[in-house]
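Down below is the structure, laid out as structure tokens.
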Amino acid sequence: MSASELLPYVQVGGTVAAAAGLFVNAYQAWRTRKTVTLQHLQDFLKAMNEREAALAASKDDGPKQLHAFIEFLNFLEIYSAAINAQLFVGVAREIVQDKILDSIVVLEHSPHWHEEIEKSITSETTYKHLRRFVKTNRSTIAARKHASAQALVGSPSSA
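For the sequence shown, counting from 1, position 136 maps to 1199 in our numbering; every step adds exactly one.
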């Protein structure tokens, strides 16, 4: 067999190898995306815990607590923007959205912070993404707020 007679077989073999390479590359990209999503989710939860801990740790120092509270609101703003822009997908979106919703319900049950929230709004863009998130999820927030209020009423400590 001459080289010219082998050429079609070599071309077919090259095409098969290229297709296999594409499948391997797609699989690696899929695994990388999953790993990156997990890392982002872990970073979010770590940062959320840090913000909540800073707020709790500063309860005896008014100025520090106010600073920690504003930082917490800014954190919620950033992640609300990420949810609004659909930067998270799948289970990561569910978990981040759920945690933001829970935080909003807690804030709505904390009237002593409402005035500070109002005072911290310095322009129409302040907390723009957080406000949009709240508007989009108003019915879920209302349902969770009602459920948490009912849980408080029915708890043994409230008797």
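All residues carry an ideal CB built from backbone N, CA and C; glycine is no exception.
Source: prediction; values computed, not measured.
In angstroms with no decimal places, state the Cα-to-Cα distance between residue i and residue j.
| i | j | result |
| --- | --- | --- |
| GLN1091 | ALA1082 | 14 Å |
| SER1221 | ALA1212 | With a pLDDT of 48 at SER1221, under the threshold of 50, the modelled position of that residue is not reliable, and the figure given next carries that caveat. C-alpha separation (whole angstroms): 11 Å. |
| ALA1089 | TYR1190 | 38 Å |
| LEU1006 | ARG1094 | This structure leaves residue 1006 out entirely; the chain is present only between 1064 and 1222. |
| LYS1208 | ALA1119 | 21 Å |
| TRP1176 | PRO1126 | 13 Å |
| THR1199 | THR1078 | 49 Å |
| GLN1102 | ILE1146 | 16 Å |
| ALA1080 | GLU1187 | 56 Å |
| GLU1134 | GLU1181 | 15 Å |
| PHE1196 | GLU1171 | 14 Å |
| GLY1153 | ASP1123 | 39 Å |
| LEU1164 | VAL1075 | 55 Å |
| ARG1096 | ALA1148 | 18 Å |
| ALA1210 | GLY1084 | 52 Å |
| THR1185 | SER1166 | 22 Å |
| MET1064 | LEU1070 | 11 Å |
Write down the C-beta distance between residue i and residue j rounded to the nearest angstrom, noting that I regard them as a contact closer than 8 Å.
| i | j | result |
| --- | --- | --- |
| PHE1107 | TYR1142 | 7 Å |
| PHE1151 | ARG1114 | Actually they do not touch by this definition, with Cβ atoms about 18 Å apart. |
| VAL1168 | ILE1204 | 6 Å |
| THR1098 | ALA1155 | Between ALA1155 and THR1098 the Cβ distance is about 12 Å, and since that is not below 8 Å, they are no contact. |
| HIS1192 | GLU1140 | 6 Å |
Whose C-beta lies closer than 7 Å to the C-beta of residue i among residues of the same chain, with five residues either side of it excluded?
| i | result |
| --- | --- |
| GLU1179 | LEU1129 and PHE1132 |
| SER1121 | LYS1127, GLN1128 and ALA1131 |
| LYS1162 | MET1111 |
Taking 7 Å as the cut-off, is the CB of residue i close to at least one heavy atom of the ligand GDP?
| i | result |
| --- | --- |
| ASP1165 | Among the components modelled here there is no ligand, and therefore nothing to report on the ligand GDP. |
Using C-beta distances below 6 Å, list every residue in its chain close to residue i, excluding the 5 sequence neighbours before and after it, in chain order.
| i | result |
| --- | --- |
| SER1183 | ILE1133 |
| ALA1238 | No answer is possible for residue 1238: the residues shown for the chain start at 1064 and end at 1222. |
| LYS1109 | none |
Quick one: what's got a C-beta closer than 8 Å to residue i's C-beta in the same chain, skipping five residues either side?
| i | result |
| --- | --- |
| TYR1072 | none |
| VAL1159 | LEU1104, PHE1107, TYR1142, ALA1145, ILE1146 and PHE1151 |
**Message:** As an exercise, report each continuous alpha helix (DSSP H) stretch of at least 4 residues that is fully enclosed by the stretch 1093 to 1176, in chain order.
**Reply:** 1125 to 1147 and 1153 to 1171
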